[in-house]
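Report on one structure; see the data block that follows.
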Ligand code: NAD
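In this note's numbering, the protein residues as written are 419 to 894.
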């Protein structure tokens with residue numbers, strides 16, 4: 419068994435409290451013991467970060483490049499090993515786990531390059547003899563709060579830009595996945611980054627989160643998680659006049675039009691709805707299908723979804739791993755019941771699979787209407803519905819009829835409808851003939867409406883959150 423300590427001011431500490439880290443594929447497999455930070459430890463980490471940030475903000479672009487690049491190189495070199503740890507503690511399949519680790523490595527490489535390209539501007543003043551320049555500076559200490567479903571990619575896509583723009587970090591990963599956060603912290607710790615610039619304080623969110631949010635030395639909070647927690651984080655940050663960025667849930671639509679290539683549509687929908695056990699904020703949980711292709715689509719989907727292999731995340735051949743924990747499994751099964759009570763018809767799956775892990779068969783519903791709870795509330799599990807639409811116009815209306823706006827997809831061979839959908843889908847990300855989930859690491863990520871709040875993450879747009887602008891005037 420391994421210990422997953424916290425990292426405070428360059429020192430590893432198990433502190434006085436710890437919790438077991440359990441494999442969702444086999445709950446008899448206790449992976450390790452994870453430190454659970456106290457309020458005092460979180461405060462120590464923030465003090466250390468504030469002290470170290472002063473020096474780090476003065477580091478050269480070359481120093482930042484070298485450190486971020488070294489972190490990316492080690493992550494990429496160890497992607498199989500780290501992907502195995504990720505699959506073991508989070509439950510996504512081994513290929514998905516390895517893919518996520520590789521993405522984390524690429525993100526660090528990307529921000530290594532961005533450190534060499536921190537932009538600024540010089541303008542002529544409206545007053546004679548005066549020069550104006552505009553530069554980007556670090557915010558200070560950034561509090562990073564992450565969910566369990568991308569246990570290395572999300573910590574990477576927040577901490578890499580934070581460090582790139584000269585900030586210090588105090589990070590709290592989700593309780594269910596301390597191993598991946600510890601592995602990332604270990605790589606960052608050995609990269610040559612000055613002590614105290616990156617700190618890890620895992621533990622209970624409702625305890626640690628408010629300490630970070632209320633602490634005067636924390637300049638901003640970058641949060642990814644549920645809408646409910648996100649609202650609490652935003653309220654706390656508003657009270658403290660603190661910069662905040664939230665990425666939250668989704669109820670992402672995938673529209674399938676009569677003219678779609680059926681194989682492409684079924685492939686995109688199965689991937690988008692069920693891969694990673696449906697536990698992606700960008701999962702396609704609502705499949706909106708027009709009348710002409712409806713019967714063929716339902717038949718093909720039902721055949722493919724029923725044949726998916728559910729099992730141990732690390733076993734070769736597994737396509738769908740376990741649900742993260744017992745509580746989430748109960749929530750998924752409850753939504754299967756809710757959908758049936760609302761009048762939806764279960765085509766396949768939706769059953770608990772007995773065994774030593776948290777398994778359920780992927781559930782697919784037909785006869786659903788968009789106003790039903792199953793089509794309005796985020797389940798965050800392997801549960802998808804099919805909604806019938808008369809034509810493209812109705813499908814677009816249904817796609818946008820949600821309080822969320824993260825990702826939206828369409829399968830069509832029509833240039834006209836693809837172009838219209840890209841313009842009129844109310845979402846931060848739009849996919850044409852591609853799954854709603856699965857994005858590039860060098861472009862912005864985020865949503866509209868209830869899915870996101872604040873500026874975008876990733877790509878060069880990350881600079882908006884992780885830096886602040888200073889305007890200087892000088893009389894020559
Ligand atoms: P969650 O909201 O329960 O927890 C997220 C994080 O917040 C965890 O680290 C948790 O410990 C912490 N937390 C809990 N209470 C807190 C509080 N009072 N103050 C501060 N922090 C607190 O979410 P989860 O179950 O870990 O993740 C699933 C959710 O994340 C889903 O809704 C999913 O859609 C969303 N998600 C969104 C994106 C995105 O980029 N939009 C990506 C992945 C996941």
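Positions of the beta carbon are idealized from the N, C-alpha and C atoms, including for glycine.
Is the separation between the beta-carbon of residue 645 and that of residue 667 shorter than 7 Å? It is a contact, given that the beta carbons lie within the stated cut-off.
If you measure between the beta carbons of residue 883 and residue 663, is that distance less than 7 Å? yes
Do residue 439 and residue 597 count as a contact pair if the criterion is CB distance below 7 Å? yes
Separation of residue 782 from residue 820, as counted between CA atoms: Their Cα atoms are separated by approximately 20 Å.
Going by DSSP, which residues form a beta bridge with residue 421? 451
What does the alpha-carbon distance come out to for the pair residue 880 and residue 525? 12 Å
Rounded to a whole number of angstroms, what is the C-alpha to C-alpha distance between residue 710 and residue 784? 16 Å
Just to confirm, does residue 567 get its C-beta within under 6 Å of one of the non-hydrogen atoms of the ligand NAD? yes
Taking the runs of the beta strand (DSSP E) that are 3 residues or longer, which of them lie wholly in the region 546-580? 548-556 and 559-563
For a quick check, are the C-beta atoms of residue 588 and residue 474 less than 7 Å apart? no
Shortest alpha-carbon distance to residue 759 belongs to which of 729, 792 and 772? Taking only the C-alpha atoms, the option nearest residue 759 is 792.
DSSP-derived helix/strand/coil call for residue 497: Reduced to three states, the DSSP call for residue 497 is helix.
Inspect the CB distances between the region 630-637 and the region 537-544 and report whether three or more fall short of 8 Å. Verdict: no, contact absent.
Using 8 Å as the Cβ pair cut-off and three pairs as the minimum, do the region 830-846 and the region 793-807 touch? no
Helix, strand or coil for residue 671 per DSSP? strand
Between the alpha carbons of residue 734 and residue 494, how many angstroms are there, rounded? Here the alpha carbon of residue 734 sits roughly 22 Å from the alpha carbon of residue 494.
Kindly confirm or deny that the region 851-867 and the region 671-686 touch, where touching means at least three C-beta pairs closer than 8 Å. yes
For the alpha helix (DSSP H) containing residue 711, list its first residue and its last residue. 709-724
Ranges of the beta strand (DSSP E) found wholly within the region 731-775, counting only runs of at least 3: 763-766
By the three-class DSSP mapping on this structure, what secondary structure does residue 531 have? DSSP places residue 531 in the helix class (H, G or I) of the three-state scheme.
Just how far apart, CA to CA, sit residue 590 and residue 786? 39 Å
Using CA coordinates, which residue listed in 788, 504, 718 and 847 is at the minimum distance from residue 522? 504
Within 6 Å: the Cβ of residue 651 and any heavy atom of the ligand NAD? Indeed, a heavy atom of the ligand NAD lies less than 6 Å from the Cβ.
How far does the alpha helix (DSSP H) with residue 655 in it reach, from first residue to last? 645-657
Three-state secondary structure (DSSP) of residue 640: If DSSP states are grouped into helix, strand and coil, residue 640 belongs with the strands.
Beta carbon of residue 619 nearer than 7 Å to that of residue 421: no
Thinking just about the alpha-carbon of each residue, which of 464, 704 and 773 is nearest to the one in residue 815? 704
Top-ranked residue by Cα proximity to residue 901, from 713, 606 and 722: In the structure as shown, the chain starts at 419 and stops at 894, and residue 901 therefore has no counterpart that could be examined.
Output yes if chain C places a C-beta closer than 7 Å to the C-beta of residue 763; else output no. The chain inventory of the structure shown lacks chain C, comprising one protein chain alone.
Judging by CA-CA distance, which residue of 813, 696, 637 and 728 is the nearest neighbour of residue 555? 637
Regarding residue 543 and the ligand NAD, is the C-beta to nearest heavy atom distance less than 6 Å? Flag unset: Cβ of residue 543 not near the ligand NAD.
Among 448, 437, 842 and 470, the one whose alpha carbon lies nearest that of residue 428: 470
Bridge partners - residue 886, DSSP secondary structure assignment: Answer is 555.
Less than 7 Å between the C-beta atoms of residue 551 and residue 890, yes or no? In contact: residue 551 and residue 890 (Cβ atoms closer than 7 Å).
Using 10 angstroms around the beta-carbon of residue 514, count the other beta-carbons present and answer buried if the total reaches 16, otherwise exposed. buried
Would you mind stating whether residue 723 and residue 766 have Cβ atoms separated by less than 7 Å? Yes, the Cβ-Cβ distance between residue 723 and residue 766 is below 7 Å.
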